[in-house]
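Mapping of the sequence shown onto our numbering: residues 63 to 204, in sequence order.
Just so it is clear, CB atoms sit at the ideal spot from N, CA and C, and this is done for glycine as well.
Source: prediction; values computed, not measured.
Read through the structure below, which is laid out as structure tokens, and then see the notes.
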Amino acid sequence: MAKKIKVYTDGGSRGNPGKAGAGVYIEDELGKEFYRESKFLGRKTNNEAEYLAFLMAVDCLLRFELKNPGLIESAEFFLDSKLVVEQINRRWKIKKAELRQLAESSWKNLSALPYSITIKHLLREENQTADQLANEAMDRAC
């Protein structure tokens, strides 16, 4: 079982706000698929969808930890939303109340994970699987 995992998340909306979807892709330290999820989110902004995708991933890890305590020792999160990365890492201010609520939920849920967490930005081109999952969710709603 994976001790170190990589977590890729992506959220998007068609229209801003518009039909939104989220994608989560998690791989183990060998690069093997550990988990994937695609979810339609209803009508959201792009930034809300990015946060909700992140929260989906954290929720997955919380559920896994409850069933399999201690199997994961660190998680690296990769998001293509610079805004969400910087806000969750507390480097940028959060002006919108909706995003503040999502950030606070993120901080609360992250604090419940008993292992090392890093959250990094990456280019959209490097986040293709999570992007595809988010788009599949939006396609299902059309």
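With respect to S178, E135 sits close: the two C-beta atoms are nearer than 8 Å.
The shortest CA-to-CA distance from G132 to any of P176, L195 and G74 is the one to P176. In this structure, A119 sits near F139, with a CB-CB distance shorter than 8 Å.
Contact between S100 and G83 is confirmed by a C-beta separation of about 7 Å, below the 8 Å threshold. The segment 191-201 makes no contact with the segment 155-162: fewer than 3 CB pairs, one atom from each, lie closer than 8 Å. Linking E127 to K66 through their CA atoms gives a straight-line distance of about 13 Å.
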